[in-house]
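Note sheet for the following structure.
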Amino acid sequence: MSTSSSTAAERDFKREFLNIVFIVFGVLLICFLIFFVKHQEKNKFIIETLELNGSAEEGDALFKMNCVGCHGITARGLVGPDLHSITQRLNDKEIIKQVTGGLTPPMPSFEIDPVNMSNLLKYLHSLE
Ligand code: HEC
């Protein structure tokens, strides 16, 4: 009698344990999928941007509207660093991540479309 009740308890425990494993596995799977989709979106954005040949003038205008407050009117640096010859230190992909990522506060992340991002890149290249 006591043996059979202990196996029932064991079975309960196993079922409970399996449930938890399934839940944890499911949550991890969902996290992974979200991460994967986000990553794909970012990659798509970078590929689209790099396929374009932006305009330095448009990029200059965009820079004056969004970036001069921190990087200075001639991009010589203020709160943020001097951006002359930045394209020798960072590749285009890294610059895109810097602008859209928001990874280095106080610099915010910018919501920007590939055309404007490509214009900005062209402008930054013109600063060399
Ligand atoms: C609120 C202030 C602020 C604004 C606005 C801002 N930045 Fe920045 N930016 C910074 C700061 C501060 C850093 C340095 C971050 C760090 O490395 O810790 C930086 C770093 C950078 C870097 C990397 C520099 C390096 O030497 O690694 C690039 C490129 C850059 N910014 C481009 C831009 C562009 C393009 C814009 C406009 C679309 C912009 N930033 C707007 C503050 C700002």
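Position in the sequence shown counted from 1, then plus 210, gives you our numbering.
Note that CB positions come from ideal geometry on N, CA and C, so glycine has one too.
This one's a predicted model, so the numbers in the text were calculated from it and none came from an experiment.
- Under the DSSP assignment, Ser265 falls outside any alpha helix (DSSP H); it carries neither an H nor an E label.
- Using a cutoff of 7 Å, the CB of His249 does not count as near the ligand HEC, since none of the ligand's heavy atoms is closer than that.
- The C-alpha of Ile296 is placed about 8 Å away from the C-alpha of His335.
- Annotation note: the region 272-300 contains no uninterrupted beta strand (DSSP E) run of length 3 or greater.
- Counting the other Cβ atoms within 10 Å of the Cβ of Leu330 gives 16 or more, which makes it buried.
- Annotated three-state conformation of Ser336 is helix, per DSSP.
- Remark: the C-beta of Gln298 is outside contact range of the ligand HEC, defined as less than 7 Å to any heavy atom.
- The three-state reading of DSSP puts Phe320 in coil, since its state is none of H, G, I, E or B.
- Between the ligand HEC and His281, a heavy atom-to-CB distance of less than 7 Å is present.
- Here Ser328 is buried. Its C-beta has 16 or more other C-beta atoms within 10 Å.
- Between Leu228 and Arg221, the alpha-carbon positions lie close to 10 Å from each other.
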